[in-house]
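Here's the structure we're looking at; comments come further down.
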Amino acid sequence: MTTAVSSWMVSARHRSTAAVTPPEPFGEWHAKRPGDPFTACGIPAAAWPIFWQLTLAQGRERNCPDCQQVLYEARSR
């Protein structure tokens, strides 16, 4: 597993409606590397959208706590 925190992007199961531009995550924010079939917390997410314009730091309380733990551990190495 790559530990570089900067390689993780914001992803979510669903995106906001077409009326919101640019699209935003709907629901919990997860960390996912482009091309990986799983989130940092291990959820299958091959078809999930990536929100290139957002950072996980912007998610705060919306971020998945398990993904946050993986990123915390990566920073601690």
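Under the working numbering, the first residue of the sequence shown carries the number 144, and numbering increases by one thereafter.
Yeah, the Cβ is synthetic: ideal placement off N, Cα and C, and Gly gets one too.
Limits of the unbroken alpha helix (DSSP H) element including residue i
i: S154; result: S154 -> not in any alpha helix (DSSP H); beta strand (DSSP E) instead, spanning M152 to S154.
i: A174; result: From DSSP, A174 is part of no alpha helix (DSSP H) but of the beta strand (DSSP E) over H173 to K175.
i: V213; result: P208 to S219
i: L199; result: L199 to G202
Residue i - DSSP class collapsed to helix/strand/coil
i: T145; result: Residue placement at T145 is flagged as unreliable, the pLDDT there being 45, under the threshold of 50; a coordinate-derived value is accordingly withheld.
Exposure label - residue i; buried when at least 16 CB within 10 Å
i: V153; result: buried
i: T182; result: buried
i: V213; result: buried
i: A168; result: Sequence check: residue 168 is Pro here, not Ala. P168 comes out buried.
i: W162; result: At residue 162 the sequence reads Ala, which differs from the Trp that was named. The residue is exposed, with fewer than 16 neighbouring Cβ atoms inside 10 Å.
Identity of the residue in the options nearest residue i by Cα
i: W291; options: T198, A162 and P180; result: There is simply no residue 291 to check, as the chain begins at 144 and stops at 220 in what is shown.
i: D179; options: A217, S150 and D209; result: S150
i: G170; options: P187, A200 and S159; result: S159
i: R185; options: D209, R218, R156 and Y215; result: The sequence given here places Gly at residue 185; Arg does not occur at that position. Nearest C-alpha to G185: D209.
**Request:** Pair every Cβ in the segment 202-216 with every Cβ in the segment 187-194, then say whether three or more of these pairs are closer than 8 Å.
**Result:** Remark: fewer than three beta-carbon pairs, one from each stretch, lie closer than 8 Å, so the segment 202-216 and the segment 187-194 are not flagged as touching.
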